[in-house]
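>
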Amino acid sequence: MNYKINTYGCQMNVHESEKIASILRSLGYAEFNENIHENYDVIIFNTCCIRDTAEQKIFSHIGELKIQKKNNPNLIIGIVGCMSQQEGKIDIMRAKYPHIDIILGTSNIDLLAESIVNLRENKKHTYIIDESERPEIVEGKDYYRTSGTNAWVNIMYGCDNFCTYCIVPYVRGRERSRSMPDIINEVKELINCGYKEITLLGQNVNSYGSDNPDGPDFSTLLEELAKLSGNHRIRFMTSHPKDLNTKVIEMISKYDTLCKSIHLPIQSGSNNVLEAMNRRYTREYYLNVIKEIRSIIPDCGITTDIMVGFPGETEQDFEDTLDIVREVQFNSAFTYIYSVRKGTVAASMPQIPYAVKSERIQRLIKIQNSLTKESSKDCEGKTFRVLVEGIKSIGKVSGRTDAGRLVTFEGGEDLIGEFRNVLITKTQSAALFGTIKED
Ligand code: SF4
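Quick note: the sequence shown uses numbering that gives the first Met the number 0, first residue 0, plus one each step.
Written out as structure tokens, the structure is:
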């Protein structure tokens with residue numbers, strides 16, 4: 000028996016697919032990745048609803064499976080994740096795609112085993128989405144980890160921020176933090192299993208613990224994890240600028256095990272747009288956070304997300320974004336065009352023509368590409384500690400620095416999972432090339 004998981008969206012979903020894989024394997028299914036749908040016994044779609052295009056793609060794939068299901072009635076088709084949790088979506092899916100056997104919400108993945116057994120033995124379908132704001136966190140889950148040297152660990156779920164363009168708080172619920180002992184135990188186990196990089200995940204990791212004012216905050220959690228013995232490093236994503244505080248920045252600078260790298264989504268450089276987005280910080284506040292990071296951790300890698308074409312964004316607002324990009328000089332930036340998400344506040348705001356958005360993002364990309372190139376160039380002649388992640392080509396391996404920069408250098412399979420000091424000799428855009436520097 001075999002399975003295929005189609006994963007869409009963010010790192011949280013990729014990690015959740017590891018959990019889904021583990022559940023399927025416990026039922027005796029094996030992974031099978033060929034694109035021949037007839038050969039599958041179970042196909043799971045772990046969905047994302049952040050962008051409309053992703054949703055259309057998922058629906059089109061599900062639609063295509065109608066024939067496969069007809070030819071093979073034992074094929075099990077399941078939909079889990081954000082899309083199923085969206086208001087009214089479960090009814091649309093059931094009506095339009097009756098060949099779907101299982102639909103589970105973002106906090107119901109643990110019911111997958113039971114749902115499959117019920118279907119196999121009793122021919123009963125399962126459609127469950129938990130609509131409580133703070134669904135319980137289920138501990139003691141297994142993950143079939145597929146990420147090589149790097150392991151992901153959720154430290155919290157949900158988000159309380161309600162940025163006006165974002166659907167996440169509606170589909171993933173309010174913030175719920177895992178207990179510190181549970182996180183520490185999971186990380187300890189991963190280190191013992193040989194994982195060299197642990198990435199802490201959450202929509203807004205900086206507000207870890209804010210749902211329990213008497214419990215530990217994010218800086219305390221970081222310190223406890225940083226003190227664990229072993230040859231490893233720890234990074235985290237994502238941070239909200241309003242919640243990244245001095246205590247966290249100082250903690251990162253204090254421990255070598257904490258990566259000197261912060262992903263801090265700015266979204267826009269215009270105060271008008273930031274207010275309309277309900278981001279709850281100004282450009283001045285953001286710049287102060289950057290100043291503080293650079294004064295406490297001078298070599299910190301800073302990356303960001305930038306949205307272009309938010310409803311009402313004027314040419315001046317966009318110029319403000321370009322200005323801040325030039326001023327901060329991010330190592331790299333994930334740039335994207337605003338797209339309407341039904342059910343969010345911004346969906347009902349006056350929209351900007353696509354041609355304007357498209358022209359603006361091209362200008363932004365051009366500037367950021369040239370800044371990324373300069374920032375890489377600055378690395379030439381410097382030595383970085385690199386964790387080797389895999390083979391790049393014959394005789395070459397690649398890995399990442401503490402700040403998350405990708406480096407390629409000579410080496411073989413025996414180096415995977417090892418740390419090496421690498422002298423950077425050449426750069427090309429965001430890519431760094433070097434040679435191992437013997438101690
Ligand atoms: S912080 Fe804003 S953008 Fe990020 S998940 Fe929460 S609501 Fe969405």
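Ideal placement from N, C-alpha and C gives every residue a C-beta, glycine not left out. Computed from a predicted model, the values in this text were never measured in an experiment.
1. Got a sec: does the ligand SF4 put a non-hydrogen atom nearer than 8 Å to the Cβ of residue 350?
2. Write down every uninterrupted run of the alpha helix (DSSP H) in the segment 298-362 whose length is 4 residues or greater and which is fully enclosed by it, in chain order.
3. Indicate the three-state DSSP secondary structure (helix, strand or coil) for residue 154 in the structure shown.
4. Does the segment 269-289 touch the segment 233-241, meaning 3 or more C-beta pairs lie closer than 8 Å?
5. Quick one, which of 327, 306 and 176 has its alpha-carbon nearest residue 317's?
6. Which full runs of the alpha helix (DSSP H) of 4+ residues lie inside the segment 58-122, going along the chain?
7. Please give me, in chain order, every unbroken run of the beta strand (DSSP E) with length at least 3 that falls completely inside the segment 377-413.
8. What residues sit near the ligand SF4, counting only those whose C-beta is closer than 6 Å to one of its heavy atoms, in chain order?
9. Measuring CA to CA, which of 3, 348, 49 and 51 is closest to residue 40?
10. Using CA coordinates, which residue listed in 60, 91 and 152 is at the minimum distance from residue 199?
11. Whole angstroms is fine: what's the gap from residue 60's alpha carbon to residue 162's?
12. Closer than 8 Å is the cut-off here; do at least three beta carbon pairs connect the segment 379-386 with the segment 343-352?
13. By the three-class DSSP mapping on this structure, what secondary structure does residue 174 have?
14. Taking buried to mean at least 16 other C-beta atoms within 10 Å of its own C-beta, is residue 134 buried or exposed?
15. What's the gap between the Cα of residue 216 and the Cα of residue 207?
16. Taking residue 166 and residue 57 to be in contact with their CB atoms under 8 Å, please state how far apart those CB atoms are, rounded to whole angstroms.
17. For a test of the three-state rule: what should DSSP assign to residue 53, helix, strand or coil?
18. Of all the options 320, 385 and 339, which has the alpha carbon lying nearest to the alpha carbon of residue 360?
19. Around the Cβ of residue 483, are there at least 16 other Cβ atoms within 10 angstroms (buried) or fewer (exposed)?
20. Please state the DSSP three-state secondary structure of residue 217.
21. Would you say the segment 350-370 touches the segment 294-313, given that touching needs at least three Cβ pairs under 8 Å?
22. Residue 100: buried (16+ other C-beta within 10 angstroms of its C-beta) or exposed?
23. Could you say which of 401, 326 and 376 lies nearest to residue 424 if we only look at CA atoms?
24. Please report how far the alpha carbon of residue 262 lies from the alpha carbon of residue 352, in whole angstroms.
25. Residue 405 to residue 335, Cα distance in whole Å?
26. How about residue 422: is its Cβ closer than 8 Å to a heavy atom in the ligand ZN?
27. Would the beta-carbon of residue 227 fall within 9 Å of that of residue 251?
28. With DSSP run on the structure shown, which of helix, strand or coil describes residue 479?
29. I need the boundaries of the beta strand (DSSP E) containing residue 296, first residue and last residue.
30. Per DSSP, which one or two residues make a beta bridge with residue 421?
31. For residue 356, count neighbouring Cβ atoms within 10 angstroms of its own Cβ and tell me buried if that reaches 16, exposed if not.
32. To which residues does DSSP link residue 194 through a beta bridge?
33. Does the pairing of the segment 17-28 with the segment 93-113 give three or more beta-carbon distances under 8 Å?
34. Return the chain-ordered list of same chain residues with a C-beta closer than 7 Å to the C-beta of residue 117, the five sequence neighbours on each side being excluded.
35. Considering only C-alpha positions, which residue in the set 358, 401, 301 and 387 is nearest to residue 435?
36. Assign residue 407 to buried or exposed, taking buried as 16 or more other Cβ atoms, counted over all protein chains shown, within 10 Å of its Cβ.
According to the data block:
1. Not one heavy atom of the ligand SF4 lies closer than 8 Å to the C-beta of residue 350.
2. DSSP runs (the alpha helix (DSSP H)) wholly in the segment 298-362: 314-327.
3. In the structure shown, the three-state DSSP call for residue 154 is coil.
4. Yes, since at least three Cβ pairs between the segment 233-241 and the segment 269-289 fall closer than 8 Å, the two stretches touch.
5. Nearest Cα to residue 317 within the set 327, 306 and 176: 306.
6. Those alpha helix (DSSP H) runs which fall completely within the segment 58-122 and span 4+ residues are 81-84, 88-95 and 111-121.
7. As far as the segment 377-413 is concerned, its whole beta strand (DSSP E) runs of at least 3 residues are 382-392, 395-400 and 405-409.
8. Near the ligand SF4, meaning a Cβ closer than 6 Å to any of its heavy atoms, lie the following residues in chain order: 158, 160, 161, 162, 165, 167, 168, 202, 203 and 239.
9. Nearest of 3, 348, 49 and 51 to residue 40, Cα basis: 3.
10. Out of 60, 91 and 152, the CA that lies nearest to the CA of residue 199 is found in 152.
11. The alpha-carbon atoms of residue 60 and residue 162 are separated by roughly 30 Å.
12. The answer is no - the segment 343-352 does not touch the segment 379-386, with fewer than three Cβ pairs under 8 Å.
13. Correct three-state label for residue 174: coil.
14. Classification of residue 134: buried, given that the 10 Å Cβ count is 16 or more.
15. Straight through space, the alpha carbons of residue 207 and residue 216 are spaced by roughly 6 Å.
16. The pair is not a contact, with the Cβ atoms about 14 Å apart (cut-off 8 Å).
17. Helix.
18. Of the residues 320, 385 and 339, the one whose Cα lies closest to the Cα of residue 360 is 320.
19. Since the first and last residues shown for the chain are 0 and 438, residue 483 lies out of range.
20. The three-state reading of DSSP puts residue 217 in helix, counting H, G and I together.
21. Yes, they touch.
22. Residue 100 should be labelled buried.
23. Checked all of 401, 326 and 376; the closest Cα to residue 424 is 376.
24. Going by the C-alpha atoms only, they are around 29 Å apart.
25. Cα to Cα, residue 405 sits roughly 22 Å from residue 335.
26. For the structure depicted, the ligand ZN is absent and the ligand set comprises only the ligand SF4.
27. Contact flag unset, no.
28. Because the chain spans 0 through 438 in this model, residue 479 falls outside it and cannot be assessed.
29. For residue 296, no beta strand (DSSP E) run applies, since DSSP gives it neither H nor E.
30. Answer is 383 and 435.
31. Looking at its Cβ environment, which holds 16 or more other Cβ atoms inside 10 Å, residue 356 is buried.
32. Beta-bridge partners assigned by DSSP to residue 194: none are found.
33. Yes, the segment 17-28 is in contact with the segment 93-113.
34. The residues are 123 and 125.
35. Checked all of 358, 401, 301 and 387; the closest Cα to residue 435 is 387.
36. With 16 or more other Cβ atoms inside 10 Å of its own Cβ, residue 407 counts as buried.
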